[in-house]
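Numbers in our numbering are just positions in the sequence shown, counted from 1, shifted up by 40. Quick reminder that beta carbons are idealized off the backbone N, C-alpha and C, glycines included.
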Amino acid sequence: MKKLFIIGGMGAGKSTARKALVEQGLPYVDLDHVGHEVLAWDTVKDEIRETFGDDVFGEDGAIDRKKLAAKAFASPAETRKLNRITLPRIEELFSDRIDEFERQGNKAVVVEQSVFKNRQGSLAYCADVVIAIIAPLELRVERAVASGFSEVDVRRRIARQITDADRIEAADVVFSNDSTPEVLRDKMLNWWKEYEKTI
Ligand SMILES: CC(C)(COP(=O)(O)OP(=O)(O)OC[C@H]1O[C@@H](n2cnc3c(N)ncnc32)[C@H](O)[C@@H]1O)[C@@H](O)C(=O)NCCC(=O)NCCS
Ligand SMILES: Nc1ncnc2c1ncn2[C@@H]1O[C@H](COP(=O)(O)OP(=O)(O)OP(=O)(O)O)[C@@H](O)[C@H]1O
Numbered sequence: 041m042k043k044l045f046i047i048g049g050m051g052a053g054k055s056t057a058r059k060a061l062v063e064q065g066l067p068y069v070d071l072d073h074v075g076h077e078v079l080a081w082d083t084v085k086d087e088i089r090e091t092f093g094d095d096v097f098g099e100d101g102a103i104d105r106k107k108l109a110a111k112a113f114a115s116p117a118e119t120r121k122l123n124r125i126t127l128p129r130i131e132e133l134f135s136d137r138i139d140e141f142e143r144q145g146n147k148a149v150v151v152e153q154s155v156f157k158n159r160q161g162s163l164a165y166c167a168d169v170v171i172a173i174i175a176p177l178e179l180r181v182e183r184a185v186a187s188g189f190s191e192v193d194v195r196r197r198i199a200r201q202i203t204d205a206d207r208i209e210a211a212d213v214v215f216s217n218d219s220t221p222e223v224l225r226d227k228m229l230n231w232w233k234e235y236e237k238t239i
């Protein structure tokens with residue numbers, strides 16, 4: 041089963057690109073969503089409480105993601121603390137999801153990874169194809185703000201991520217999302233039409 045990773049900075053258009061392939065019948069894993077799932081694990085909640093305090097929890101006892109983001113993206117050191125807690129668990133759940141898709145006999149799966157560091161990293165080592173979605177920084181900030189994040193929060197998160205130059209270096213395929221979502225969709229579909237013939 042081919043693992044097609046879609047990487048890109050915040051607001052670049054990864055989800056938009058992923059949807060084009062999912063429309064073609066491919067299953068997918070969004071690692072941001074997997075990250076949300078592990079935040080409900082008791083072990084993760086305990087470590088988050090120890091590291092970031094009681095005030096990142098809501099009245100219902102669940103982690104308040106907005107409050108956690110305000111603390112965890114305040115400095116690179118704080119982000120590293122968050123990643124140390126979440127990434128090993130994300131990897132575990134990701135591995136289970138991939139095994140399940142493989143058992144079902146899928147020929148390919150799409151993996152949307154926002155926090156991509158390099159291809160040797162624990163999550164992306166198994167990628168058959170890495171597709172980078174790139175877009176100018178200000179456009180990305182504008183889109184992420186329009187989708188509901190504050191500008192300060194978006195700029196902090198982007199500052200904790202690798203650059204588009206790094207993504208281009210790591211990727212097999214690069215698509216620029218500086219036009220409309222429909223243009224990006226067409227680029228993805230044209231690529232898939234050709235790639236599908238090879239698998
Ligand atoms: C801090 C949390 C609670 C904020 O939740 P929230 O709902 O506000 O954001 P969401 O998870 O939807 O992420 C939105 C975007 O933020 C950026 N982002 C998220 N986590 C990180 C991180 N650790 N480093 C840099 N950018 C990040 C990405 O661009 C992502 O697409 C959450 O992002 C989290 O637990 N992050 C750590 C787990 C992780 O690394 N997830 C990504 C796996 S690839
Ligand atoms: N070409 C485009 N023109 C205008 N808006 C766009 C374009 N591409 C994506 N968007 C919008 O910008 C926002 C971010 O796009 P998308 O969710 O696909 O990016 P992402 O890389 O998955 O972001 P995140 O890192 O926040 O998960 C969405 O609201 C989306 O509808």
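Check                                                                                                                                        : Outcome
Just checking, does the region 147 to 156 make contact with the region 64 to 80 on the three C-beta pairs under 8 Å criterion?               : yes
Mind listing, in chain order, the continuous alpha helix (DSSP H) runs of no fewer than 4 residues lying wholly within the region 44 to 123? : 54 to 62, 71 to 78, 82 to 92 and 105 to 112
In angstroms with no decimal places, state the Cα-to-Cα distance between N123 and E234.                                                      : 36 Å
Along the chain, where does the alpha helix (DSSP H) containing A172 start, and where does it finish?                                        : No alpha helix (DSSP H) holds A172; the beta strand (DSSP E) holding it covers V169 to I174.
Would you decide whether K43 is buried or exposed? Buried here means 16 or more other CB atoms lie within 10 Å of its CB.                    : buried
Go through its chain and collect everything with a Cβ distance to D193's Cβ below 8 Å, but skip five positions before and after it.          : A109, A110 and F113
Counting C-beta neighbours from all protein chains within 10 Å, is the total for N217 16 or more, i.e. buried, or is it exposed?             : buried
Report whether the distance from the Cβ of L79 to the nearest heavy atom of ligand 1 is below 7 Å.                                           : yes
Report yes if the CB atom of G48 is closer than 8 Å to the CB atom of R183, and no otherwise.                                                : no
Within 10 angstroms of the Cβ of Q201, are there 16 or more other Cβ atoms? Answer buried if so, exposed if not.                             : buried
Tell me which same chain residues have a C-beta within less than 7 Å of the C-beta of V96, skipping the five on either side of it?           : I88, I103, D104, K107, L108 and K111
Counting only beta-carbon atoms, is E87 nearer than 8 Å to chain C?                                                                          : Among the chains in the structure shown there is no chain C, since it carries only a single protein chain.
Taking the beta strand (DSSP E) that V213 falls in, what are its first and last residues?                                                    : V213 to S216
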